[in-house]
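Under this note's numbering, think of the first position of the sequence shown as 1, with each following residue one higher.
Read the structure below first, then the notes.
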Amino acid sequence: MITLYDCATAPSPRRTRIFLAEKGLAHDTVQVDLRSGEQLGDAYRRINPQCTVPALRTQEGLLLTDNAAIAAYLEARYPSPPLLGETPEEKAEIASWNWRMEFEGLLAIAEALRNSAPAMANRALPGAVDYPQIPALAERGLARVAQFFTLLNERLADHDYIAADRFSVADITAVVAVDFARVVKQKPGEQHPHLLRWRAAMAGRPSMAL
């Protein structure tokens, strides 16, 4: 049985939960309490020395500690339905847009949150090493989030999905990023009609409730 080390309130493991649900894969779940710092404790460090979630233990006993590796493994091991594309062209387009959703979306939000939230003082980056907050990066992060919404709205003006005219991991990452932006008090508005239409359509997928 697959085991997912999860945190119900965090965006990164949510991406894996949605991916697993879209694949229809049953799995065990172990909750890791990030708010109490459980990921930094000795017990979890023995499981994942990087002190991050998600982590996924495969049926073969391999531990995967990031969304890129988890998606690559699950797609190869359970190819249907395809979430990383089927043709070389689809695979390339989906990979490119998924990276943009990470870099221009999730990382921008994390930049704003981790460099401003009092609870994350000295925890400006995830992982085992402490880093101090830089307030200017929080300001830049908010500007990047606004641009991210503009990017998505323009992309979705003539597309039903983020990439390759099919539902893919890029849509999963984008949904998680759009929803996660609420933690820095940002959300799409009436100036983003295409983004709002797409998000409403995504809400019809049962996996998105996870």
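Every residue gets a Cβ at the ideal spot worked out from N, C-alpha and C, and that includes glycine.
Residue i: buried (16+ other C-beta within 10 angstroms of its C-beta) or exposed?
{"i": "residue 122", "result": "exposed"}
{"i": "residue 147", "result": "exposed"}
{"i": "residue 168", "result": "buried"}
Helix, strand or coil: how does DSSP classify residue i here?
{"i": "residue 27", "result": "strand"}
{"i": "residue 2", "result": "strand"}
{"i": "residue 161", "result": "coil"}
{"i": "residue 74", "result": "helix"}
{"i": "residue 55", "result": "strand"}
{"i": "residue 205", "result": "coil"}
{"i": "residue 166", "result": "strand"}
{"i": "residue 12", "result": "helix"}
{"i": "residue 210", "result": "coil"}
{"i": "residue 33", "result": "coil"}
{"i": "residue 139", "result": "helix"}
{"i": "residue 20", "result": "helix"}
With residue i and residue j assumed to form a contact (beta carbons below 8 Å), what rounded beta-carbon distance in angstroms separates them?
{"i": "residue 62", "j": "residue 70", "result": "Contact doesn't hold; Cβ gap of about 11 Å is too wide."}
{"i": "residue 156", "j": "residue 186", "result": "About 17 Å separates the two Cβ atoms, so there is no contact after all."}
What residues match up with residue i in a beta bridge as DSSP calls it?
{"i": "residue 63", "result": "57"}
{"i": "residue 131", "result": "123"}
| request: Within the stretch 76-118, note down every full beta strand (DSSP E) run reaching 3 residues or more, in order along the chain. | output: Qualifying beta strand (DSSP E) stretches: none in this window.
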